[in-house]
Amino acid sequence: MICLGIEGTAHTIGVGLVDQDCTVLANLTKMIDGSKGGIHPREAANHHAENVVPIIHRAMEEAGQSYDDIGLVAFSQGPGLGPCLRTAATAARALSLSIGVDLIGVNHCVAHLEIGRKVTGCEDPTLLYASGGNTQVIAYSGGRYRVFGETLDVGIGNMIDKFGRSVGMPFPAGPHLERRAKEGSKLLDLPYSVKGMDVAFSGILTAALQLRRNGERLEDICHSIQETCFAMLVEVTERAMAHVEKDQVLLGGGVVQNKRLQEMVRIMAEERGATMYVPPGPLCVDNGAMIAWTGIVMHAAGVRTPIGESAVRQRFRTDEVDLPWMS
Ligand code: ATP
Ligand code: FE2
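Take 6 as the starting number for the sequence shown in the working numbering and just add one per residue.
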């Protein structure tokens, strides 16, 4: 069975084709230009509407498949920006109806976890999901994927991108921040904000911009942002791992491509006799293949999404998802 998955929760529209062994036959993404400011939901949705059909055709071509070969259509049902979600959902409904196959609505956060589990081979991990809009620590407990900690304000990637925009870095700023941080050495004071199991980043942004106005070197500020934010993420991830007694940590989301973050998580894991797993970059960021793969897993477990239940869910929480494939 081949599943076509459509991702469209935020700034990226993605189409992936995946078979039942999780062979990725195609995985194409297109991102809006975020250099001018934050994401405008309506503009992002227009971008997705313009691009989704051409990307579907290109993915089919790249995979060498015809529409008769598609056995299932999956889409990101939430959480995310309403207009973006609705665009991806509309395309998915239309495609599933026109080729006459089942439709599956997928939780975006669960998709990061499922693709990571499959491609890295870890079975029961604690997921550190750090992306533009999301920052969560998730693990399987009591029949659900539960959120053990999360950001109380913005996602870590959004904070990095906002900082980058203010200091003239291209969008997305993450890789530029990482490069600059390598040349920094001075650890400047930034507010380390861990509250229980949760984290907060907006105070760090304000403080980092103030350091810049005070004339600190950009390299040192980038270094300090990484050291402070990543230490916060590692602390809550470790606490969640101890709580649920798990010895696997999986990384997901665009920010985990950062080598310094990977190094810090790996050291934490090794010190507690645990193992870190990192999926390949194109499967870490928002992409259609993770939606397609999760669709296959859900479908095999008997889950279906009738059109009448396919409305998008902007605040779709990770722990609302039934996981019949886990029991
Ligand atoms: P979401 O999953 O919340 O919808 P998204 O679509 O914004 O979010 P991703 O595509 O997973 O997120 O990741 C994009 C983010 O990753 C951007 O904020 C970008 O700056 C950040 N990023 C990419 N590479 C790096 C890096 N090397 N270091 C730090 N951050 C990075
Ligand atoms: Fe994501």
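Glycine included, every Cβ here is placed at the ideal spot set by N, Cα and C.
Take residue i as the anchor and find which of the options has the nearest alpha-carbon.
i	options	result
L210	D158, G126 and P177	D158
Q231	K200, N139 and R184	R184
H5	G259, P285, A144 and E55	The shown model of the chain, from 6 to 332, leaves out residue 5, and the question about it has no answer.
V106	H304, V317 and R322	H304
A99	S315, T299 and D203	S315
H16	R244, G138, K251 and N32	G138
L77	L255, G85, T310 and D225	T310
E119	L133, G307 and M295	M295
E12	P84, M202, D73 and K41	P84
N341	V254, A94 and N32	For residue 341 there is no data in the structure shown, the boundaries of the chain being 6 and 332.
R322	E275, G69, S103 and R149	R149
R277	L223, A245 and A68	A245
R265	V308, A186 and R218	A186
M6	E67, D324 and T299	T299
R47	F176, E325 and T14	T14
P2	V261, N219 and R218	Residue 2 falls outside the range modelled here, since the chain spans only 6 to 332, and no answer is possible.
Using a 10 Å radius around the Cβ and a threshold of 16 neighbouring Cβ atoms, would you call residue i buried or exposed?
i	result
M331	exposed
R122	buried
T28	exposed
A135	buried
S71	exposed
D166	buried
S101	buried
E243	buried
G43	exposed
G39	buried
Could you tell me whether the Cβ atoms of residue i and residue j are closer together than 7 Å?
i	j	result
H53	C89	yes
I37	A49	yes
I301	Q82	no
A178	L195	no
Q141	V152	yes
A10	G293	Looking at the sequence itself, residue 10 is Gly, so the reference to Ala does not match. Taking 7 Å as the Cβ cut-off, G10 and G293 qualify as a contacting pair.
L182	C234	no
E240	V199	yes
L328	C127	no
N32	P287	yes
L214	S171	yes
G154	M202	yes
Taking only the alpha-carbon atoms, compute the straight-line gap between residue i and residue j and give it to the nearest angstrom.
i	j	result
M237	T156	11 Å
H45	T280	39 Å
P59	G189	43 Å
I312	T92	15 Å
D225	D74	53 Å
V290	L192	29 Å
G147	L132	16 Å
G87	C114	16 Å
M273	N263	16 Å
A116	Q319	16 Å
A306	L30	22 Å
V270	T34	28 Å
V20	I61	6 Å
G173	S103	46 Å
E221	Q253	38 Å
A68	N219	53 Å
V317	E275	40 Å
V308	V326	11 Å
Y197	E55	42 Å
I believe residue i touches residue j by the beta-carbon criterion, under 8 Å. Please report the beta-carbon distance rounded to the nearest angstrom.
i	j	result
A64	F80	Wrong, their Cβ atoms sit about 14 Å apart, outside the cutoff.
V57	I109	About 17 Å; that fails the 8 Å criterion.
G259	G162	6 Å
A205	L22	The pair is not a contact, with the Cβ atoms about 39 Å apart (cut-off 8 Å).
K251	D129	6 Å
S229	M164	The pair is not a contact, with the Cβ atoms about 13 Å apart (cut-off 8 Å).
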